[in-house]
Structure formats: structure tokens, C-alpha cells
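Trainee:
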Amino acid sequence: MSVTVYFLVNGYGNLKHEIVDPDLCTLCGACETACPVNAISITADRNYQLFDCSENFDSCSICHEVCPHTAPNLDEAFKELSSAPYSLPGIGRFLTIRTARSNFEDIRHITRSGGVAAALSICGIETGLVDAVVSSETKNLDDMPTPQKFKIPMVTDYLPSMLNVEFHPAAVAKAYDSVVKGYTRSRVAFIGLPCHMTALRKLQLFGHKSSEPLGFLISRFCLWNPQSMKAFSSLLRAKGVQLDTIDEINLGDSIRLKSDVNAFDIPLAEIWECIREGCRICMDFTGAFSDVSVGRVEGISKDWSVLIVRTKKGEELVERAEREGYLESANLPHAAEVGIRSIAFRKKALAKQEVYESKRGVMAPGAFEIMERCIP
Ligand code: SF4
Ligand code: SF4
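Counting from 3, one number per residue, gives the positions in the sequence shown under the numbering used here.
#1: In whole angstroms, give me the CA-to-CA distance for Val190 and Ile127.
#2: Note the first and the last residue of the continuous alpha helix (DSSP H) segment covering Gln355.
#3: Does ligand 1 have even one heavy atom less than 8 Å from the beta-carbon of Leu31?
#4: Count the C-beta pairs between the segment 221-230 and the segment 94-105 that are closer than 8 Å, then say yes if the count reaches three, no if not.
#5: From which residue to which residue does the beta strand (DSSP E) around Leu309 run?
#6: Express the C-alpha separation of Ser295 and Ser221 in angstroms, rounding to a whole number.
#7: Lys304 by DSSP, collapsed to three states: which one?
#8: Just the Cα atoms here: how many angstroms apart are Asn105 and Thr313?
#9: Assign Phe53 to buried or exposed, taking buried as 16 or more other Cβ atoms, counted over all protein chains shown, within 10 Å of its Cβ.
#10: Ends of the beta strand (DSSP E) at Val260?
#11: Can you give the Cα-Cα distance for Phe234 and Cys276, rounded to whole angstroms?
#12: Which residues in the same chain have their Cβ closer than 8 Å to the Cβ of Ala2, if we skip the five residues on either side of it in sequence?
#13: Give the DSSP bridge partners of Gly297, in chain order.
#14: Do Ile283 and ligand 1 come close, with the Cβ less than 8 Å from some heavy atom?
#15: What three-state label does DSSP hand Arg203 in the structure shown?
#16: What's the C-alpha gap between Asn75 and Ala32?
#17: Based on Cα-Cα distance, which residue from Thr28, Leu17, Leu122 lies nearest to Glu326?
#18: May I ask you to list the residues that DSSP assigns as paired with Leu216?
#19: Measuring from the CB of Gly280, is there a heavy atom of ligand 2 at a distance below 8 Å?
#20: Quick check on the burial criterion: 16 or more other C-beta atoms within 10 angstroms. Buried or exposed for Val68?
#21: Tell me which residue opens and which closes the beta strand (DSSP E) that Ala102 is part of.
#22: Taking buried to mean at least 16 other C-beta atoms within 10 Å of its own C-beta, is Lys204 buried or exposed?
#23: Roughly how many whole angstroms lie between the Cα atoms of Arg348 and Leu253?
#24: From Glu317 to Arg103, what does the alpha carbon distance come to, in whole angstroms?
#25: So, with DSSP's three-state summary, where would you put Ile64?
#26: Relative to the C-alpha of Gly15, which candidate in Thr45, Ser61, Phe192, Ser307 has its C-alpha closest?
#27: Sorry if obvious, but does the Cβ on Val22 come closer than 8 Å to a heavy atom of ligand 1?
Okay, structure coming up:
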């Protein structure tokens with residue numbers, strides 16, 4: 003059994019020591035949202051303390067507890083998910099896994115990935131299951147700030163243009179907080195990355211007021227985020243890759259990106275140099291803490307996505323979307339199942355290598371072991 007050791011530091015100290023100083027923060031904004039005295043600020047590229055909170059709030063550990071990369075509450079945050087009957091290596095627990103796409107051709111065309119997240123969001127809003135969706139703004143990769151700005155559509159017309167984005171680190175919890183407090187929405191769907199899902203589950207468990215109206219957590223598959231969008235996009239450009247044409251992805255010793263007409267193999271070492279430190283030790287490819295996960299891998303037909311339903315709540319949304327004609331689904335082709343398992347497994351193996359062998363990769367005490375149990 004692993005032993006979790008905490009340093010005897012008050013306030014922001016543990017978070018700073020375990021996550022911020024080793025550069026493992028992925029800028030999700032959960033700590034900023036949860037801090038009761040507004041002592042933390044997340045800017046485009048860093049997390050910093052506005053004032054020393056320990057002077058007036060000496061036993062507070064909230065920011066450390068809600069961070070998706072720390073151990074506290076991680077086991078508990080996974081509890082609801084752990085009753086799902088099935089599990090695949092590197093993917094976590096689930097109720098069903100299949101392939102799906104939006105029934106609307108224009109949405110499929112805009113999103114290039116079957117438009118499943120869009121279909122679920124539109125269905126949610128139009129049938130009253132949700133009253134707002136939090137997602138990232140779609141932008142040209144070169145102009146994209148890190149973290150990205152969030153948009154909060156409450157009517158469906160704005161949704162599709164926001165959903166065609168694959169790389170979106172963003173201060174999600176903050177966006178979530180503002181939709182609840184600023185717009186007083188009470189049933190919010192959230193589309194984000196696996197680490198966002200973990201952060202929101204932790205906020206929910208912690209009983210933070212912004213997490214009460216948590217509607218549905220929809221996770222994208224995530225194969226890391228770049229430290230700098232500019233450096234990443236110039237690497238892709240040098241290889242001749244236009245990211246918005248990429249339909250399939252695979253991961254071995256290189257990353258294989260496939261469009262309709264081309265396939266590009268980029269050595270992993272070159273990509274690795276561009277990846278955020280916090281992402282290098284992330285083992286979650288599909289969003290194991292979500293209600294529903296969506297993404298594309300090799301082996302799936304064009305304009306379809308893999309759809310993993312993990313919770314009863316997720317199942318309710320997906321069934322409603324199918325019943326009311328927003329979404330269609332089919333059995334997952336064997337090749338696609340092999341594709342997801344192989345990427346998920348490889349991502350996890352690389353994270354382990356980074357944590358156990360590289361001097362750079364240090365994980366908050368206990369968190370990596372708990373994650374390994376959640377995503378065996
Ligand atoms: S990952 Fe999120 S919760 Fe953790 S330190 Fe960074 S912004 Fe805060
Ligand atoms: S690799 Fe993990 S930590 Fe990084 S953005 Fe993706 S889900 Fe978040």
C-alpha cells in the first residue's frame with residue numbers, strides 16, 4: 003500500500019510545492035475557483051499567488067484538494083464511476099462503448115469528428131436536460147492563446163462553431179463558476195479534457211457551490227497539450243501537417259496523423275519536447291472521470307467517433323439524443339477498439355516512464371498510484 007506524505011505547509015504551500023513549482027500545473031483553474039479568499043490567479047501561462055493566504059487562513063488546503071493532479075479525494079471522486087461493469091486497459095470503467103455520429107450532416111461537416119459532442123449538447127439544450135454548455139472557443143491554431151478562452155452558449159446556434167477544437171487547455175473551472183454565478187444556470191453540460199473532468203469531479207465532491215449544477219461531463223480524448231501553441235504549430239507546419247485536416251491519430255514510437263489524403267509520422271521525441279510537463283505524466287487518454295467520452299482513433303469510419311458511456315447520467319443523455327433523432331450509434335469496429343486501447347496503453351506507459359525514470363517527472367505523493375487504480 004502506498005503512503006501519502008504531506009508537507010506541513012499551510013494554504014497554497016502544498017500546491018506550490020507539488021504542482022506549481024515542478025511545472026506540473028495544466029492551468030485548469032480549479033484551485034482559483036475553489037479558493038475562498040481569491041488568493042490564486044491563473045494567467046495565460048502560469049499559476050501564481052496574489053497574496054500569502056496562510057497569514058489569515060492558516061489551515062486551509064482547498065486549492066491542493068481540488069487539483070486534478072493531487073491525491074486528496076481522487077479515490078472518492080472516482081467512486082460513482084467505479085460501479086460501471088466494464089473496464090479496458092488504459093480506458094477506465096464504462097457501461098457501453100460504441101461508435102456514433104450526429105444525424106445532421108452540417109454538424110458532421112463542421113466538426114470533422116462525427117459531431118457527437120455537438121449533438122449531445124444541442125439535444126441537452128433543446129430537450130431541457132441542460133440550460134448551458136461550457137466549451138472552448140474554436141480558433142486558428144497559431145492565434146490560440148494558452149489557456150484558451152471559454153465560451154458559454156445557452157442557445158444551440160452558437161454551439162457547432164465551438165466544438166471543432168482538439169487542443170484546448172483552459173481555465174475550465176473558472177468558466178464553469180462564471181456560468182453558474184454570472185448567468186445563474188442550474189443544469190450545465192461541460193465539454194473538456196480528461197484533467198478537466200477530474201477537476202470538476204473533485205470540485206463536486208468538495209461541495210463547491212459552482213459544482214452543484216453539474217449536468218453532464220463530456221470528455222474529449224486527449225493526447226497531451228503543447229507548452230506553446232506557436233512552437234507546436236510550427237513543428238506541424240515543418241512536417242507539412244495541417245491539423246484541421248487530420249481525421250485519425252495513432253501512437254507508437256511516432257505519432258501518426260492521417261488526413262483524407264496523407265499520413266504523417268512524427269517521431270515521438272520531437273513532439274515530446276513541445277508537451278507540457280504536467281501532460282507528460284498524465285495517463286488519462288479518454289477521460290475516465292467523465293459521464294461520456296468522445297474521440298477519434300484509427301480504425302473508425304470517417305465522420306464517426308468513438309463514444310464511451312460511463313455513468314447512468316451519461317446514458318440518459320445519449321439515449322435521449324438517439325431517441326429524439328440527434329444521434330445515431332453502431333457497434334465499435336474491432337480495429338477501433340484496438341486503436342483506442344493501444345493509444346491509451348502507450349500514453350499510460352509514457353507517463354509511468356516519465357514519473358519513474360525521468361528526473362523531470364515528479365507526481366504529487368500518492369496521486370499517480372491512485373490514478374493507476376482508477377485507470378488500470
Ligand atoms: S492543475 Fe488546475 S487545480 Fe492544479 S494547480 Fe493548476 S490550475 Fe490549479
Ligand atoms: S494530457 Fe492530461 S493533463 Fe494534459 S491536457 Fe490532456 S488530459 Fe489534461
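Don't be surprised by glycine CBs; every beta carbon is placed ideally from N, CA and C.
Mentor: Checking against the coordinates, here is how it stands:
#1: For the purposes of this step, residue 190 is taken as residue 188 along the sequence shown, with counting starting at 1. For the purposes of this step, residue 127 is taken as residue 125 along the sequence shown, with counting starting at 1. Distance between the alpha carbons of Val190 and Ile127: 9 Å.
#2: Counted from its first residue, the sequence shown places residue 355 at position 353. Note, Gln355: alpha helix (DSSP H), 336-358.
#3: Position 29 of the sequence shown, counting from 1, holds the residue named residue 31. Strictly speaking, residue 31 in this sequence is Gly, with Leu absent from that position. Within the cutoff, so yes.
#4: no
#5: Position 307 of the sequence shown holds residue 309. That run of the beta strand (DSSP E) goes 307-311.
#6: Reading the sequence shown from its first residue, position 219 is the one you call residue 221. Reading the sequence shown from its first residue, position 293 is the one you call residue 295. In this structure, the alpha-carbon of Ser221 lies about 5 Å from that of Ser295.
#7: Here residue 304 refers to the residue found at position 302 when the sequence shown is read from its first residue. In this structure, Lys304 counts as coil in the three-state DSSP scheme.
#8: What you label residue 105 is simply residue 103 of the sequence shown in a count that begins at 1. What you label residue 313 is simply residue 311 of the sequence shown in a count that begins at 1. One C-alpha to the other measures close to 23 Å.
#9: Residue mapping note: residue 53 aligns to position 51 of the sequence shown, counting from 1. So Phe53 ends up on the exposed side.
#10: Stepping through the sequence shown from its first residue, residue 260 is reached at position 258. Looking at the sequence shown, residue 260 is not Val but Lys. First-last of the beta strand (DSSP E) with Lys260: 256-260.
#11: For the purposes of this step, residue 234 is taken as residue 232 along the sequence shown, with counting starting at 1. For the purposes of this step, residue 276 is taken as residue 274 along the sequence shown, with counting starting at 1. Each residue's alpha carbon lies about 6 Å from the other.
#12: Absent from the model: residue 2. The displayed extent of the chain is 3 to 378, so no value can be given.
#13: Mapped onto the sequence shown, residue 297 falls at position 295. In the DSSP output, where bridge partners are listed per residue, Gly297 has Val308.
#14: In the sequence shown, residue 283 corresponds to position 281, counting from 1. No, Cβ of Ile283 sits at least 8 Å from all heavy atoms of ligand 1.
#15: Here residue 203 corresponds to residue number 201 of the sequence shown, with the count starting at 1. If DSSP states are grouped into helix, strand and coil, Arg203 belongs with the helices.
#16: On the sequence shown, residue 75 is found 73 positions in, with the first residue counted as 1. On the sequence shown, residue 32 is found 30 positions in, with the first residue counted as 1. Each residue's Cα considered, the two are about 14 Å apart.
#17: Your numbering for residue 326 matches position 324 in the sequence shown. It is Leu122.
#18: Counted from its first residue, the sequence shown places residue 216 at position 214. DSSP, once it has assigned bridges, lists Val190 as partnering Leu216.
#19: For the purposes of this step, residue 280 is taken as the residue at position 278 of the sequence shown. Gly280 Cβ: within cutoff of ligand 2.
#20: Along the sequence shown, one-based indexing puts residue 68 at 66. Answer is buried; the Cβ neighbour count reaches 16.
#21: Taking the first residue of the sequence shown as 1, we reach residue 102 at position 100. Per DSSP, Ala102 belongs to the beta strand (DSSP E) from 98-104.
#22: Numbered from 1 along the sequence shown, position 202 holds the residue referred to as residue 204. By the 10 Å Cβ count, Lys204 comes out buried.
#23: Taking the sequence shown and counting its residues from 1, one reaches residue 348 at position 346. Taking the sequence shown and counting its residues from 1, one reaches residue 253 at position 251. The straight-line gap separating the alpha-carbon atoms of Arg348 and Leu253 is approximately 7 Å.
#24: In the sequence shown, the residue the question calls residue 317 occupies position 315. In the sequence shown, the residue the question calls residue 103 occupies position 101. Rounded to the nearest angstrom, the two C-alpha atoms are 16 Å apart.
#25: One-based indexing of the sequence shown puts residue 64 at position 62. DSSP places Ile64 in helix when its eight states are reduced to three.
#26: As a position in the sequence shown, residue 15 is number 13, starting the count at 1. Of Thr45, Ser61, Phe192, Ser307, the residue nearest in Cα terms is Ser61.
#27: Reading the sequence shown from its first residue, position 20 is the one you call residue 22. The answer is yes for Val22.
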